[in-house]
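Chemist: To start, I am sharing the structure in question, which I have written as structure tokens.
There are 2 protein chains.
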Amino acid sequence: MIRILIAEDQRMLRGALALLLDLEDDIEVVGQACDGQEALSLITTLQPDVCLLDIEMPVKTGLDVTEQLIEIGSITRVIILTTFARPGYFERAIKANVQGYLLKDGPTEQLAESIRRVMKGHREISPELIFGTFKEENPLNAREREILSLSAQGKSANEISSILHLSYGTVRNYISEALNKLDAKNRIEGIRMAEQKGWL
Amino acid sequence: MIRILIAEDQRMLRGALALLLDLEDDIEVVGQACDGQEALSLITTLQPDVCLLDIEMPVKTGLDVTEQLIEIGSITRVIILTTFARPGYFERAIKANVQGYLLKDGPTEQLAESIRRVMKGHREISPELIFGTFKEENPLNAREREILSLSAQGKSANEISSILHLSYGTVRNYISEALNKLDAKNRIEGIRMAEQKGWL
DNA sequence: AGATAGTTATGACAATTGTCATCTGCATAA
DNA sequence: TTATGCAGATGACAATTGTCATAACTATCT
Numbered sequence: 001m002i003r004i005l006i007a008e009d010q011r012m013l014r015g016a017l018a019l020l021l022d023l024e025d026d027i028e029v030v031g032q033a034c035d036g037q038e039a040l041s042l043i044t045t046l047q048p049d050v051c052l053l054d055i056e057m058p059v060k061t062g063l064d065v066t067e068q069l070i071e072i073g074s075i076t077r078v079i080i081l082t083t084f085a086r087p088g089y090f091e092r093a094i095k096a097n098v099q100g101y102l103l104k105d106g107p108t109e110q111l112a113e114s115i116r117r118v119m120k121g122h123r124e125i126s127p128e129l130i131f132g133t134f135k136e137e138n139p140l141n142a143r144e145r146e147i148l149s150l151s152a153q154g155k156s157a158n159e160i161s162s163i164l165h166l167s168y169g170t171v172r173n174y175i176s177e178a179l180n181k182l183d184a185k186n187r188i189e190g191i192r193m194a195e196q197k198g199w200l
Numbered sequence: 001m002i003r004i005l006i007a008e009d010q011r012m013l014r015g016a017l018a019l020l021l022d023l024e025d026d027i028e029v030v031g032q033a034c035d036g037q038e039a040l041s042l043i044t045t046l047q048p049d050v051c052l053l054d055i056e057m058p059v060k061t062g063l064d065v066t067e068q069l070i071e072i073g074s075i076t077r078v079i080i081l082t083t084f085a086r087p088g089y090f091e092r093a094i095k096a097n098v099q100g101y102l103l104k105d106g107p108t109e110q111l112a113e114s115i116r117r118v119m120k121g122h123r124e125i126s127p128e129l130i131f132g133t134f135k136e137e138n139p140l141n142a143r144e145r146e147i148l149s150l151s152a153q154g155k156s157a158n159e160i161s162s163i164l165h166l167s168y169g170t171v172r173n174y175i176s177e178a179l180n181k182l183d184a185k186n187r188i189e190g191i192r193m194a195e196q197k198g199w200l
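Taken in order, these protein sequences are the chains called A and B.
Numbering of the first sequence is given in UniProt numbering, commencing with residue 1 and proceeding in unit increments.
Numbering of the second sequence is given in UniProt numbering, commencing with residue 1 and proceeding in unit increments.
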């Protein structure tokens, strides 16, 4: 019997997947979580064989959870299940050594089979992701990401400077540099592009 | 036997819901669509009793489909099933006289029951939506929406002016007016707020 | 005809943004 | 020790953005 845990904030999908997987003879859903924090604590207490993690969840993302599972030496295998084929997400997941990265756009029917294959030691990656997407890595460094994120919340250069204790000019330099790297002609375009690639 | 059609672009959820509903004795999933266009044509040919429509789908949104169903005098009952509790969406759905507006954050278990209740003539609205959200109507007029949308794509005031054949100053007046109505302190904040409310 | 409202335009102003060259410390590698 | 590179900072400039007062031109209603 394969014991699995599902972490997904959208209740309808979580419930449907749990029901669907429980119909399989060899799979048992032992727990459900609606945010990353809950997922982490349930995984450590329940020690399921496999966990299905959404990425964009409240409190902690699925990627955060994955990285922390490694730190504490958990043996639970991780399958990321997300809407987003964003290069940044995929890259981070692969670096965290997940056993699977599936898209919510993929077929329902193969989910159970993917779980079984992961249990046998295979890596399950949605075919859309195997080619192309990986080589596009995030050109922004930590500061640029940080500053662009704040800008994306509508903060002005001045506000950002006082939040981060940097000078006004420095903030603008970082934004300018980020826009240059992204080949965007203004903040708004830059934010759109970075968000769309998962570079935040 | 209640004949239903599911229109939802996320394949995993669509498949899971179909499977789940097919398990009910009195419900039969007669069709599935992955975009609004397909939904519309399947509904007209299959004439299901109820259709479950996602809002944000390719080609046509679920709201577009609903409005067109009214125009052609379809008797299929509509249940909107969406992630978004955005006032703008909800308002438009109610005006189009949908029989149900459920959130994907709601419980899986009650979906089948909601469908049965809709068949009996009830209106099914997610409880989160009943209070508060309705009175917040879109303060932006058509021009303001149009211009803010273009701005959201990263266009400058100058570009927008030549796209819409308006003067540079006029475009900036509209943006200024929109930001004022939204109580936002710059474009980026205004865009975020408007998008979040479904006012686009 | 006069009042009213909606759409578009203009000009002026200040604030913010985007760009660039240059400069300072500081750490670290050769 | 010198060199190199990085994180920040500064100043200057032009372009863009946000705000406001005002006006012209419709169309509509009374």
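Glycine included, each C-beta is placed from N, C-alpha and C at the ideal position.
Since the structure is predicted, the reported quantities are computational estimates derived from the model, not experimental observations.
What in chain B is Cβ-close to Gly15 of chain A, meaning under 8 Å?
Modeler: Here the question's residue 15 of chain A lines up with position 15 in the first sequence. Those within 8 Å of Gly15 of chain A in chain B are Pro107, Thr108, Glu109.
Chemist: Give, in chain order, every residue of the stretch 187-198 of chain B whose Cβ lies closer than 9 Å to some Cβ of chain A.
Modeler: The stretch 187-198 of chain B vs chain A, Cβ under 9 Å: Arg187, Ile188, Glu189, Gly190, Ile191, Arg192, Met193.
Chemist: Does Gly15 of chain B pass the burial test, meaning 16 or more other C-beta atoms within 10 Å, or should it be called exposed?
Modeler: Start at 1 with the first residue of the second sequence, and residue 15 of chain B comes out as number 15. With 16 or more Cβ atoms within 10 Å of its Cβ, Gly15 of chain B is classed as buried.
Chemist: What residues in the UniProt domain "Response regulatory" (3-119) of chain B have a beta carbon less than 9 Å from any beta carbon of chain A?
Modeler: Here the close residues are Asp9, Gln10, Arg11, Met12, Leu13, Arg14, Gly15, Ala16, Leu17, Ala18, Leu19, Leu20, Leu23, Leu81, Thr83, Leu102, Leu103, Lys104, Asp105, Gly106, Pro107, Thr108, Glu109, Leu111.
Chemist: Just the Cα atoms here: how many angstroms apart are Leu19 of chain A and Leu164 of chain A?
Modeler: Your numbering for residue 19 of chain A matches position 19 in the first sequence. Your numbering for residue 164 of chain A matches position 164 in the first sequence. Their Cα atoms are separated by approximately 46 Å.
Chemist: So, at 8 Å on beta carbons, what are the nonlocal neighbours of Ile70 of chain A in its own chain, with the 5 sequence-adjacent residues on each side left out?
Modeler: As a position in the first sequence, residue 70 of chain A is number 70, starting the count at 1. Cβ neighbours of Ile70 of chain A beyond the five flanking positions: Ala96, Asn97.
Chemist: When you compare the CB positions of Val171 of chain A and Ala152 of chain A, do they come within less than 8 Å of one another, or not?
Modeler: Taking the first sequence and counting its residues from 1, one reaches residue 171 of chain A at position 171. Taking the first sequence and counting its residues from 1, one reaches residue 152 of chain A at position 152. Not in contact: Val171 of chain A and Ala152 of chain A (Cβ atoms no closer than 8 Å).
Chemist: Under 6 Å Cβ to Cβ from Glu128 of chain A, same chain only, skipping five residues before and after it: list those, please.
Modeler: Within the first sequence, the letter at position 128 stands for residue 128 of chain A. The answer, listed in chain order, is Ala85.
Chemist: My parser needs the alpha helix (DSSP H) runs of 4 or more residues fully inside the stretch 32-61 of chain B; what are they?
Modeler: With a minimum length of 4 residues, the continuous alpha helix (DSSP H) runs that stay inside the stretch 32-61 of chain B are 36-46.
Chemist: Can you give the Cα-Cα distance for Ala33 of chain A and Ile6 of chain A, rounded to whole angstroms?
Modeler: The residue given as residue 33 of chain A occupies position 33 in the first sequence. The residue given as residue 6 of chain A occupies position 6 in the first sequence. Taking the straight line joining both Cα atoms gives about 6 Å.
Chemist: Which chain B residues sit within Cβ distance under 9 Å of Ser151 of chain A?
Modeler: Within the first sequence, the letter at position 151 stands for residue 151 of chain A. What Ser151 of chain A touches in chain B: Ile188.
Chemist: Would Lys181 of chain B pass as an interface residue toward chain A - the criterion being a Cβ-Cβ separation below 8 Å?
Modeler: Numbered from its first residue, the second sequence carries residue 181 of chain B at position 181. Closer than 8 Å: no.
Chemist: Contact defined as beta carbons within less than 8 Å: I believe Tyr168 of chain B pairs with Ser176 of chain B. What is the distance between those atoms, to the nearest angstrom?
Modeler: Within the second sequence, residue 168 of chain B is the residue found at index 168, counting from 1. Within the second sequence, residue 176 of chain B is the residue found at index 176, counting from 1. Not confirmed; about 13 Å, so no contact.
Chemist: Compute the Euclidean distance between the alpha carbons of Asp26 of chain B and Asp9 of chain B, then round it to the nearest angstrom.
Modeler: In the second sequence, the residue the question calls residue 26 of chain B occupies position 26. In the second sequence, the residue the question calls residue 9 of chain B occupies position 9. Computed Cα separation, rounded: 25 Å.
Chemist: Span of the beta strand (DSSP E) holding Arg145 of chain B?
Modeler: As a first step, residue 145 of chain B must be located in the second sequence, where it is residue number 145. Element bounds for Arg145 of chain B: not the beta strand (DSSP E) but the alpha helix (DSSP H), 142-152.
Chemist: For the 8 Å Cβ check, are there 3 or more pairs between the stretch 75-85 of chain B and the stretch 100-114 of chain B?
Modeler: Verdict: yes, contact present.
Chemist: Just curious, the alpha helix (DSSP H) that Gly106 of chain A is in, first and last residue?
Modeler: In the first sequence, the residue the question calls residue 106 of chain A occupies position 106. Counting along the chain, Gly106 of chain A falls outside any alpha helix (DSSP H), and DSSP gives it neither H nor E.
Chemist: Since I believe Ala194 of chain B is in contact with Leu150 of chain B (beta carbons under 8 Å), could you give me their beta-carbon distance rounded to a whole number of angstroms?
Modeler: As a first step, residue 150 of chain B must be located in the second sequence, where it is residue number 150. As a first step, residue 194 of chain B must be located in the second sequence, where it is residue number 194. Contact doesn't hold; Cβ gap of about 13 Å is too wide.
Chemist: If you draw a straight line from the C-alpha of Arg11 of chain B to the C-alpha of Val29 of chain B, how long is it?
Modeler: On the second sequence, position 11 is the one that residue 11 of chain B refers to. On the second sequence, position 29 is the one that residue 29 of chain B refers to. Taking the straight line from one Cα to the other gives about 15 Å.
Chemist: Answer with buried or exposed for Thr66 of chain B, where buried requires no fewer than 16 other C-beta atoms within 10 angstroms of its C-beta.
Modeler: The sequence position of residue 66 of chain B within the second sequence is 66, counting from 1. Counting Cβ neighbours within 10 Å, Thr66 of chain B comes out buried, since at least 16 surround it.
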